[in-house]
Structures are given as C-alpha cells and as structure tokens.
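Input: a single structure, listed below in structure tokens.
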Amino acid sequence: MTNTADELNPFLVVRVRDGRAEFARWRVNDGPDALALFLTAAGASAYARESLAEPGWQVVRPPRTSVLEVLRACFAAGVTLAVLDPDGAKAKRVFPIGEVLQAVGMAAPPH
1 MTNTADELNP
11 FLVVRVRDGR
21 AEFARWRVND
31 GPDALALFLT
41 AAGASAYARE
51 SLAEPGWQVV
61 RPPRTSVLEV
71 LRACFAAGVT
81 LAVLDPDGAK
91 AKRVFPIGEV
101 LQAVGMAAPP
111 H
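Sequential numbering of the sequence shown, starting at 1, is according to the working numbering.
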C-alpha cells in the first residue's frame, strides 16, 4: 500500500523554459494532460529518461507547501488532474487536483 505521507511529499520532474518552471505531464487515456508526481527519485528519473525527449529536465522533491503551490498553479492553468508514478502506459493513481486543494483548504468548493 502507498504511504499517504509519501503521496504528499512527491518527487517532480521540472525544467526551466522561457524563464518559467515547466513540470512533467502525463496524458490520461486520450484525455487531458495530468501533472506527473512520483514516490521515488528513481521513478521520476526513469520517466524523464523514457518519456521526455527534450533536454533540461531534473528531478526535485520540494517541500509540501511548494507542492501545493504547484498544484494550485497547475489547476489555475487548466491542468485538473495529477497522476502518481506514471509510466508509458499507466499510473498508480489519478487525483483530481481541485479535490486535493479543497481538502487542504486551498480552493473554494465548486458552486
């Protein structure tokens, strides 16, 4: 079973592009892109190596408050899902970012 504390302190794959942070994404079954989150640095590194062809990606493990800010910024930019430990074909779990933000008191409930 996945440790919930690890889910709240994930590794991210990020690069700087045009002066802004760009986070790795994963496409959900011909649907929307989702923010990619990882339980281990090894999993994040493998994803970057196998799925992200462009240079400059690096694995980071920001503090929980920074992860929540990333989730809020992604949600504001229209990325509504996050996935845990994606690979080329599947992910362990799909999270609606809005629900995560509501649970931690960072988003208003839908009207």
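Even for Gly, the Cβ is constructed at its ideal location relative to N, Cα and C.
None of the values given here were measured: they were computed from a predicted structure.
Residue i - containing beta strand (DSSP E), residue span
i           : result
arginine 20 : 20-23
alanine 34  : 33-37
leucine 52  : Run containing leucine 52: none; DSSP gives neither H nor E here.
alanine 82  : 81-84
valine 59   : 58-60
valine 104  : First-last for valine 104: undefined, no H or E at that position.
Residue i - containing alpha helix (DSSP H), residue span
i          : result
leucine 68 : 64-76
Proximity test, residue i beta-carbon vs the ligand SAM heavy atom, cut-off 7 Å
i          : result
alanine 36 : The ligand SAM is absent from the structure shown, which contains no ligand whatsoever.
Member of the options whose CA lies at the smallest distance from the CA of residue i
i                : options                       : result
phenylalanine 23 : Cys74, Gly43, Pro96 and Lys90 : Cys74
glycine 88       : Arg72, Leu52 and Glu99        : Leu52
glycine 19       : Lys90, Gly105 and Gly56       : Gly56
methionine 106   : Ala91, Arg93 and Ala76        : Ala76
Residue i - partner residues in DSSP beta bridges
i          : result
proline 96 : Leu81
valine 16  : Ala21
Check whether residue i and residue j have beta carbons under 8 Å apart
i          : j            : result
valine 79  : aspartate 33 : yes
leucine 84 : proline 96   : no
valine 112 : valine 59    : In the structure as shown, the chain begins at 1 and stops at 111. Residue 112 is therefore absent and cannot be evaluated.
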